[in-house]
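Quick note, the sequences are listed as chains A and B, same order.
The first sequence begins at 553 in the working numbering and counts up one residue at a time.
The second sequence begins at 9 in the working numbering and counts up one residue at a time.
Cβ atoms here follow ideal geometry from the backbone N, Cα and C, with glycine treated the same way.
Since we're looking at a predicted model, the values are computed, not measured.
Only one structure is covered here, and it is reproduced in the block below.
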Amino acid sequence: MTAANLRTITPELESLGAEPYYQTVADEVALFEAAATKRLPVLLKGPTGCGKTRFVEYMAWKLGRPLVTVACHDDLTTADLVGRYLIVGDETVWLDGPLTAAVRAGAICYLDEIVEARKDTTVVIHPLADTRRALAVDKRGELIPAPPSFMLVISYNPGYQSVLKEIKPSTRQRFVALEFDYPGAEVEAQIVATEGGIDAAMAKKLVRLGELTRNLKGAGLDEGASTRLLVHAAQLVGAGMAPTVAATAAVARALTDDPDMTQTLDDLVRAVF
Amino acid sequence: MVERKLFEHELEEKLDTLLFASASHRSIGRLAALLEALPRRHQDLVLHWAGVAAQTNAELGHMIAMQAPQGLERLGDAGFEAWALAGLDTYDKEGLRAAMERLRDLDGFVAIRAGRLCARFAEVEPRLARFVQGLSGRGLALKAGAYPWTDTETLFLPERIAHFAGVEDNRQLYKALAVQLWAQTRYGTFNADLDGALAQWPDAHGREQALVWLAQLEAVRLAACIERDLPGLGRLLAELRGDWPAALQDAQSELSAPGADVRATLRWLAVFMARGAVPPAPTFCGRLDPTAAARVRADRIARDTAILRKALGALKGAAGTKPAAPNAFAAQINAETGALEVSVDGEAVSLPADVQAAAQSLAQDLGEVPPEALTPAGDGAWTPTDKRGPAPELARDRQADFQYDEWDYHRNAYRRGWCHVYEMPVAPGDGAFVREVKLRYAPFIQQLKRRFEAVRGEDRIRGRQPEGEEIDLDALVEALHDRKCGAEPSPRLFSRRVRNERSLAAMFMVDMSGSTKGWVNDAERESLVMLCEALEALGDRYAIYGFSGWTRTRCDIYRIKSFADRYDDGVRARIDAIEAKDYTRMGVAIRHLTQLLDAQPARHKLLVTLSDGRPDDFGDEYRGTYGIEDTRRALQEARRLGIKSHCVTIDRQGADYLKHMYGAASYSVLDDVKKLPIKVADIYRKLTA
Numbered sequence: 553m554t555a556a557n558l559r560t561i562t563p564e565l566e567s568l569g570a571e572p573y574y575q576t577v578a579d580e581v582a583l584f585e586a587a588a589t590k591r592l593p594v595l596l597k598g599p600t601g602c603g604k605t606r607f608v609e610y611m612a613w614k615l616g617r618p619l620v621t622v623a624c625h626d627d628l629t630t631a632d633l634v635g636r637y638l639i640v641g642d643e644t645v646w647l648d649g650p651l652t653a654a655v656r657a658g659a660i661c662y663l664d665e666i667v668e669a670r671k672d673t674t675v676v677i678h679p680l681a682d683t684r685r686a687l688a689v690d691k692r693g694e695l696i697p698a699p700p701s702f703m704l705v706i707s708y709n710p711g712y713q714s715v716l717k718e719i720k721p722s723t724r725q726r727f728v729a730l731e732f733d734y735p736g737a738e739v740e741a742q743i744v745a746t747e748g749g750i751d752a753a754m755a756k757k758l759v760r761l762g763e764l765t766r767n768l769k770g771a772g773l774d775e776g777a778s779t780r781l782l783v784h785a786a787q788l789v790g791a792g793m794a795p796t797v798a799a800t801a802a803v804a805r806a807l808t809d810d811p812d813m814t815q816t817l818d819d820l821v822r823a824v825f
Numbered sequence: 009m010v011e012r013k014l015f016e017h018e019l020e021e022k023l024d025t026l027l028f029a030s031a032s033h034r035s036i037g038r039l040a041a042l043l044e045a046l047p048r049r050h051q052d053l054v055l056h057w058a059g060v061a062a063q064t065n066a067e068l069g070h071m072i073a074m075q076a077p078q079g080l081e082r083l084g085d086a087g088f089e090a091w092a093l094a095g096l097d098t099y100d101k102e103g104l105r106a107a108m109e110r111l112r113d114l115d116g117f118v119a120i121r122a123g124r125l126c127a128r129f130a131e132v133e134p135r136l137a138r139f140v141q142g143l144s145g146r147g148l149a150l151k152a153g154a155y156p157w158t159d160t161e162t163l164f165l166p167e168r169i170a171h172f173a174g175v176e177d178n179r180q181l182y183k184a185l186a187v188q189l190w191a192q193t194r195y196g197t198f199n200a201d202l203d204g205a206l207a208q209w210p211d212a213h214g215r216e217q218a219l220v221w222l223a224q225l226e227a228v229r230l231a232a233c234i235e236r237d238l239p240g241l242g243r244l245l246a247e248l249r250g251d252w253p254a255a256l257q258d259a260q261s262e263l264s265a266p267g268a269d270v271r272a273t274l275r276w277l278a279v280f281m282a283r284g285a286v287p288p289a290p291t292f293c294g295r296l297d298p299t300a301a302a303r304v305r306a307d308r309i310a311r312d313t314a315i316l317r318k319a320l321g322a323l324k325g326a327a328g329t330k331p332a333a334p335n336a337f338a339a340q341i342n343a344e345t346g347a348l349e350v351s352v353d354g355e356a357v358s359l360p361a362d363v364q365a366a367a368q369s370l371a372q373d374l375g376e377v378p379p380e381a382l383t384p385a386g387d388g389a390w391t392p393t394d395k396r397g398p399a400p401e402l403a404r405d406r407q408a409d410f411q412y413d414e415w416d417y418h419r420n421a422y423r424r425g426w427c428h429v430y431e432m433p434v435a436p437g438d439g440a441f442v443r444e445v446k447l448r449y450a451p452f453i454q455q456l457k458r459r460f461e462a463v464r465g466e467d468r469i470r471g472r473q474p475e476g477e478e479i480d481l482d483a484l485v486e487a488l489h490d491r492k493c494g495a496e497p498s499p500r501l502f503s504r505r506v507r508n509e510r511s512l513a514a515m516f517m518v519d520m521s522g523s524t525k526g527w528v529n530d531a532e533r534e535s536l537v538m539l540c541e542a543l544e545a546l547g548d549r550y551a552i553y554g555f556s557g558w559t560r561t562r563c564d565i566y567r568i569k570s571f572a573d574r575y576d577d578g579v580r581a582r583i584d585a586i587e588a589k590d591y592t593r594m595g596v597a598i599r600h601l602t603q604l605l606d607a608q609p610a611r612h613k614l615l616v617t618l619s620d621g622r623p624d625d626f627g628d629e630y631r632g633t634y635g636i637e638d639t640r641r642a643l644q645e646a647r648r649l650g651i652k653s654h655c656v657t658i659d660r661q662g663a664d665y666l667k668h669m670y671g672a673a674s675y676s677v678l679d680d681v682k683k684l685p686i687k688v689a690d691i692y693r694k695l696t697a
C-alpha cells in the first residue's frame, strides 16, 4: 500500500445529499443559524433520543456545510480527534483526525456525548470554542485557523447521574446552549407517524405509551421512552408487526432489565393498545 | 333436654339490654322478628356474639345480629363464630367503619372460607403502584382499606379480594378497581359539588343508595373515557365486568359521549333515584366518599394555588425588577403540551417543575387554572402547620461539639450558630443482625462484589512510558518520523497498564428519624451492610454517619464509620445498633458531614443521603418550606466546596421538593422499601461509574 491509495475519512464523505427529516419544535433552527452566522459554538443538551443528532444533520444540510460526527467514549484521546502518524511502506504519513479534517474543510464538527470523552480532549476544544478559533496540532507544530464556516457543536445528556461525568463550567461557558426535550404530544405523533410510516391514530397510541413511561422516570426508570424508541416501535409496526409485540420489543424491553419494571411496562403496553 | 325457642318479645327484651346503646335501637323489634325463626341453639349463639361485640361497640353487636340468619345459613356454626371474630379483629386494628364493612361483606368471607384463591393487597401493591404512577403524572398513594374508594390522593383497596375463583382473576379485579379509582381522579368525578347534589336524599338509607347509583353511573362514564384514551385497558375492564347491568343501559349512550362530565351523571342519578330501583352490587366500580374527597381536594387546590401564586409573586420582570402592574402577567395553558406558559412584560418565563406540577394538578381538578391562582402572592408566607405538643427539654449536660448556621428563608439570611451539634458513636450492638443479613444475602453480595471489582478492574493503559509491557505504536511511529527528519527520537516507547486511581471519598448520611422505625430502619441497615461489602471490594474511601435530633439545640450526629475506621467488627456492631430516634433536621447534618468530607484528600467527593421523607423537626418552625430551603442551601454550600450530593429516598410523594432540593438528576426514588438494600449499592456504582 502506498500513501496515494490510502482512503481517509474526509468531511466530503459526510456531506448530506437529501434533506434529513426534522420537525422544528421552537426557535432552535433560527438560534442555530444565528450562532452559525456569528461563529459561535453550540451546546445541545437533552435526554437521549430526543432528536439532537438529527437536528445537527438537518442544520448541516440547511446551511450547506459538511458534517463530521464523533461519538465520544471514555478512551477517546486528543490524538483520536486531532490525528496521528501512520507508517505506510517505510514512510510515516500524517493522518488528520476528524476534528482537524473538519477544521480544514470548514465543516460542522459534532462531538456527541462530550462528557464521555477523556478530560484532556477539552484542551484542544477550548481554543476552537472562543475568539481564537484555531486548532493547535502539537505533533506537527501546526496552528490551523478555522475558516468562517467551521462550527463546533457538542452535546450532552444532563440526566446522567454520574458525578465523574459532568461538563466543566470552563467548557460549558464557551457555548451557546440549546435545550432539547421530547416534543409535545401532537408534534411527537407527527414525527413518529412520518418516520415510522404509520397512520396518525397508531402514532398517537405510541406517543401515549411514551408519556406513560415518562411518568415513571425517577420512580424505577432512569429515563422514559425516547422519541427514537417510539420511532423504532413505529417502524416495526410499519413492517407488519402487531403493535403490542412491536412496543414490547422496541420500548418496554429496551428501557429496563429490572423484572418488576418490565412487568409494569408490559402492563402499560397492554393498557394503550 | 332441648330448651324451647325464644319468642319475639323475649328476644326483644334480651336484645334491648344488649344493644341499648346502639343508634339503630329503634329497629330492635324488626331484629327480634328476624331471629325468632332460628332454632334455640342458634338464637343463643347469636345473642352470645351480639353481646360480646356490643361490649366493644353496640353497632357491631347490631350488625352481627342483623346478618346472623344469613350468616348461620351460609357459614354454619363454626364459620359464623369465625366471621364474628374476624369482624371484632378488624375493629381492633382498623376501627368501626372497617369492621362494619368486613361484617357486611358476607360474600367475601364465604369465598375465603370456601378456599377460593384470593389475591392480597400486599402482593399486588408494588406492581399496581407503579402502574398507577405510569398512568398519571400526579402521584397517587395506594393503601389497604376496608373497601375500594379514593380521597383523590390515596387509592384505598381491600386487604384481599376473593370475588373470582382464581387468583389471577382476582388480581385483575384489583387492577380494574385501581384503574376505576384513578379514573375518578383523572376524569373529574369530584369536580362538582357531589355533597350538595346528594343533599336531596337526606336520610342515611337514601344517601347510601344514591352513592351506589352514582358510583355505578360514573363507572359507565369513566369506562368510555378510559376506552378512548387507553383502549387496551378499556378492553380489560369490559372483559372483567361483562355487560353493563340492564338497569344502566338507559344512561349508557349519553354518559359514554365524549363531552359528558359528572354533571350529566348527576342528572341521571336523579332519574334513577326517582325510579326507586335497588342498585346493582358495586363490585367493579368502587365506592364514593364525596365528603372526604372534597376535603382533600380543597386542601390540594389551596396548596397548589398557594404554590403557584407564590412562584408568580417571586417572578421578576425582564429587566430584573418586579413587574409594575399585575396585568404585566400573562399566563395560559398550552393546549398541546398541557404546560403552563407564563410571560412577564411580554417575555416568556420558564417555571420550575414543582410549579408546573401544581398548575397541572389544578387544571386536572378544576378543568382550568383559575384566575385567582394566577394572581401573584404578596409577601405573606404560607406554611402548613399541624404539630402540637409541649416543647422538649433543652437542657444538656455538656456543651455542643459544634455550632452551625442555619438558613432562614423568611429573613433571606443565616441564623448564626443556630444549631448545636453533638457527635457521638452509636452504642454498639452484638452484630447478629449484620451476620444474619450477610448470610441471607450471601449470593447477592457475591454478585455485587464481582460487579464492583469489575469497576475497579478497569485498568488504564498509559502510553509513552520509558518501560512497560507493550510497545506504544503511536510513540514508535513518531520516533521513526523524528529519526527520518534527523531529530532525536524519544526513548519513551512503551505502554504500561496502571490501576485506575479513583480518588473518591463518599459520605453516607443515614436518616435515623422516628419515621424510619420498623421496615425502613431494617432496610437502611441491610443497605449499609451491602454497601460496606461492595465498597471494600472497590477500595473507595467512605464514611457512614447517622443523624437525628430534637429541635435546633440537640442535633445529634451518630458516628457509625469514620473515614479512618476500617470495616471491622466494631463498625458491624454499630450498624447493628442503628435505630429510629427523633426528627429530621437535615440542613445541619449536611453542613457537619460536609465539613468532614471536605477534609478528605480526594479529587471527587460524594455525599449520599438515605432518607424516608422530607426534612422535619419538632415544632412548626422547620417543617415545610423552611426546612426544604435550609436543606437546599446546605447542599448548595456543599456544592461550592466541590462536593456532589445524591439522595436515595423512598418518599414517593417527594417529587415536588426533591427536585427543588437536589436538582433533577441528583436523587433516586425507590418504590419499595424492600428494594433499598439491593438498589443502594447499584445506585452508588452508577454514580461513580
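### Query
Can you list the residues of chain B that A:Arg636 reaches, using a CB-CB cut of under 8 angstroms?
Looking up residue 636 of chain A in the first sequence gives position 84. Residues of chain B whose Cβ lies closer than 8 angstroms to the Cβ of A:Arg636 are, in chain order, Asp482, Val485.
### Query
For B:Gly557, which beta-bridge partners are listed by DSSP?
The residue given as residue 557 of chain B occupies position 549 in the second sequence. Beta-bridge pairing by DSSP links B:Gly557 to B:Cys563.
#### Entry: As assigned by DSSP and simplified to three states, the class of B:His612
Here residue 612 of chain B refers to the residue found at position 604 when the second sequence is read from its first residue. Strand.
### Buried/exposed call for A:Ile660, threshold 16 Cβ in 10 Å
The residue labelled residue 660 of chain A in the question sits at position 108 within the first sequence. So A:Ile660 counts as buried.
### Query
For B:Glu11, which residues of its own chain have a beta-carbon under 7 angstroms away from its beta-carbon, when the five flanking residues on both sides are left out?
Looking up residue 11 of chain B in the second sequence gives position 3. Excluding its 5 nearest sequence neighbours in each direction, B:Glu11 has C-beta neighbours in its own chain below 7 angstroms: Arg48, listed in chain order.
### Query
When you check each C-beta in the region 139 to 152 of chain B against every C-beta of chain A, which residues fall closer than 8 angstroms?
Listed by position, the residues of the region 139 to 152 of chain B near chain A (Cβ gap below 8 angstroms) are Phe139, Gln141, Gly142, Leu143, Ser144, Gly145.
### Task
Starting from A:Val759, find everything on chain B with Cβ-Cβ shorter than 9 angstroms and list it in chain order.
Counted from its first residue, the first sequence places residue 759 of chain A at position 207. Going along chain B, no residue has its Cβ under 9 angstroms from A:Val759, so there is no contact; the nearest lies around 12 angstroms.
### Query
Opposite B:His654 in the DSSP bridges: which residues?
On the second sequence, position 646 is the one that residue 654 of chain B refers to. As computed with DSSP, B:His654 is found in a beta bridge with B:Val616.
### Contacts around B:Arg249, its chain only, beta-carbon distance under 7 angstroms, and the 5 residues preceding and following it disregarded
Within the second sequence, the letter at position 241 stands for residue 249 of chain B. Taken in chain order, the residues that qualify are Phe292.
### Query
When burial is assigned at 16 or more other CB atoms within 10 Å of the CB, is B:Asp625 buried or exposed?
Counting from 1 along the second sequence, the entry for residue 625 of chain B is found at position 617. B:Asp625 comes out buried.
### Query
For the 8 angstroms Cβ check, are there 3 or more pairs between the region 217 to 236 of chain B and the region 808 to 817 of chain A?
Three or more beta-carbon pairs separated by less than 8 angstroms are not found between the region 217 to 236 of chain B and the region 808 to 817 of chain A, which leaves the two stretches without contact.
### Interface flag, A:His784 vs chain B, CB-CB below 8 angstroms
Numbered from its first residue, the first sequence carries residue 784 of chain A at position 232. Chain B, which has no Cβ nearer than 8 angstroms to the Cβ of A:His784, makes this no.
### Query
Taking 8 angstroms as the CB-CB cut-off, is B:Arg135 touching chain A?
Here residue 135 of chain B refers to the residue found at position 127 when the second sequence is read from its first residue. Yes, B:Arg135 counts as interfacial toward chain A.
### Residue nearest to B:Ser556 in terms of C-alpha spacing, selected from B:Val537, B:Ala588, B:Asp577, B:Cys427
Within the second sequence, the letter at position 548 stands for residue 556 of chain B. Between B:Ser556 and the set B:Val537, B:Ala588, B:Asp577, B:Cys427, the nearest pair of CA atoms involves B:Ala588.
### Message
Quick check on this structure: which residue in B:Asp373, B:Leu150, B:Arg146, B:Arg443 has the alpha carbon closest to the alpha carbon of A:Leu769?
### Response
Locating residue 769 of chain A in the first sequence gives position 217, counting from the first residue. Per the sequence shown, the amino acid found at residue 769 of chain A is Lys instead of Leu. When only C-alpha atoms are compared, the closest one is B:Arg146.
### Message
Starting from A:Thr629, trace the alpha helix (DSSP H) in both directions and tell me its first and last residue.
### Response
As a first step, residue 629 of chain A must be located in the first sequence, where it is residue number 77. Annotation: A:Thr629 is outside any alpha helix (DSSP H) and is labelled neither H nor E by DSSP.
### Message
In the DSSP output, what is B:Arg470 paired with across the bridge?
### Response
Along the second sequence, one-based indexing puts residue 470 of chain B at 462. Paired residue(s): B:Arg504.
### Query
chain A beta carbons: is any one of them nearer than 8 angstroms to that of B:His489?
In the second sequence, counting from the first residue as 1, residue 489 of chain B sits at position 481. So, interface residue.
### Query
Along the region 811 to 823 of chain A, what residues have a CB closer than 9 angstroms to any CB found in chain B?
Residues Asp812, Met813, Gln815, Thr816, Leu817, Asp819, Leu820, Val821, Arg822, Ala823.
### Query
In terms of DSSP beta bridges, what is B:Gln603 paired with?
Walking along the second sequence from the start, residue 603 of chain B turns up at place 595. For B:Gln603, which the question treats as bridged, DSSP gives no partner whatsoever.
### Query
Three-state secondary structure (DSSP) at B:Ser676?
The residue labelled residue 676 of chain B in the question sits at position 668 within the second sequence. The answer is strand: DSSP assigns B:Ser676 an E or B state.
### Query
Could you give the C-beta distance for B:His668 and B:Arg631, rounded to a whole number, given that I count them as a contact under 8 angstroms?
By 1-based counting over the second sequence, the position of residue 668 of chain B is 660. By 1-based counting over the second sequence, the position of residue 631 of chain B is 623. Rounded, the Cβ-Cβ distance is 15 angstroms, inconsistent with contact.
### Task
Starting from B:Pro239, find everything on chain A with Cβ-Cβ shorter than 8 angstroms and list it in chain order.
If you number the second sequence from 1, residue 239 of chain B lands on position 231. Going along chain A in sequence order, the residues near B:Pro239 (Cβ under 8 angstroms) are Lys757, Val824, Phe825.
### Message
Does B:Gly388 come out as helix, strand or coil in the three-state DSSP assignment?
### Response
The residue you call residue 388 of chain B lines up with position 380 of the second sequence. At B:Gly388 the pLDDT is 39, less than 50, meaning the model places this residue with poor confidence and gives no usable figure here.
### Task
Using a Cβ cut-off of 8 angstroms, pull out every chain B residue sitting near A:Ala631, in sequence order please.
Taking the first sequence and counting its residues from 1, one reaches residue 631 of chain A at position 79. Ordered by position in chain B, the residues that pass the 8 angstroms Cβ test against A:Ala631 are Asp482.
### Task
For A:Pro845, name the three-state secondary structure that DSSP assigns.
With chain A covering 553 to 825 only, the question about residue 845 of chain A has no answer from this structure.
### Query
Can you check whether the CB of B:Val688 is closer than 8 angstroms to the CB of B:Met538?
To locate residue 538 of chain B, count along the second sequence from 1; it is residue 530. To locate residue 688 of chain B, count along the second sequence from 1; it is residue 680. When the beta-carbon positions are compared, B:Met538 and B:Val688 come within less than 8 angstroms of each other.
### Task
Indicate whether the contact test is met: 3 or more Cβ pairs, each with one atom in the region 472 to 486 of chain B and one in the region 498 to 508 of chain B, closer than 8 angstroms.
Here the region 472 to 486 of chain B makes contact with the region 498 to 508 of chain B; the two share three or more CB pairs at distances below 8 angstroms.
### Task
Would you mind giving the Cβ-Cβ distance between A:Leu730 and A:Arg670, rounded to the nearest angstrom? I have them listed as a contact below 8 angstroms.
Locating residue 730 of chain A in the first sequence gives position 178, counting from the first residue. Locating residue 670 of chain A in the first sequence gives position 118, counting from the first residue. Their Cβ separation, rounded to whole angstroms, is 25 angstroms, which puts A:Leu730 and A:Arg670 out of contact at 8 angstroms.
### Query
Could you give the distance in angstroms between the alpha-carbon of B:Pro298 and the alpha-carbon of B:Ala597?
Locating residue 298 of chain B in the second sequence gives position 290, where the first residue counts as 1. Locating residue 597 of chain B in the second sequence gives position 589, where the first residue counts as 1. Each residue's CA atom was taken as its position, placing B:Pro298 and B:Ala597 some 43 angstroms apart.
### Message
Cutting at 6 angstroms between CB atoms, please list the residues of its own chain near B:Ala551, excluding the five before and the five after it.
### Response
By 1-based counting over the second sequence, the position of residue 551 of chain B is 543. Close CB contacts of B:Ala551 within its chain, under the 6 angstroms cut and outside five residues either way in sequence, are with Met515, Lys569, Ser570, Phe571 (chain order).
### Query
Where does B:Ala41 land, buried or exposed, given buried means 16+ other C-beta within 10 angstroms?
Start at 1 with the first residue of the second sequence, and residue 41 of chain B comes out as number 33. Exposed, by the Cβ-count rule.
### Query
Any idea which residues DSSP pairs A:Ala729 with across the strands?
By one-based count along the first sequence, residue 729 of chain A stands at place 177. BP columns for A:Ala729 point to A:Leu595.
### Query
Which chain A residues sit within Cβ distance under 9 angstroms of B:Lys682?
Locating residue 682 of chain B in the second sequence gives position 674, where the first residue counts as 1. Result: empty, since nearest Cβ-Cβ is about 11 angstroms, beyond 9 angstroms.
### Best match in B:Pro497, B:Ile120, B:Ala255, B:Thr160 for proximity to B:Asp295 [C-alpha to C-alpha]
The residue given as residue 295 of chain B occupies position 287 in the second sequence. According to the sequence displayed, residue 295 of chain B carries Arg and not Asp. With distances taken between Cα atoms, B:Arg295 lies closest to B:Thr160.
### Query
Of the choices B:Lys446, B:Glu109, B:Arg560, whose alpha-carbon is the least far from that of B:Asp699?
Past the boundaries of the shown model lies residue 699 of chain B; chain B is included only from 9 to 697, so the question cannot be answered.
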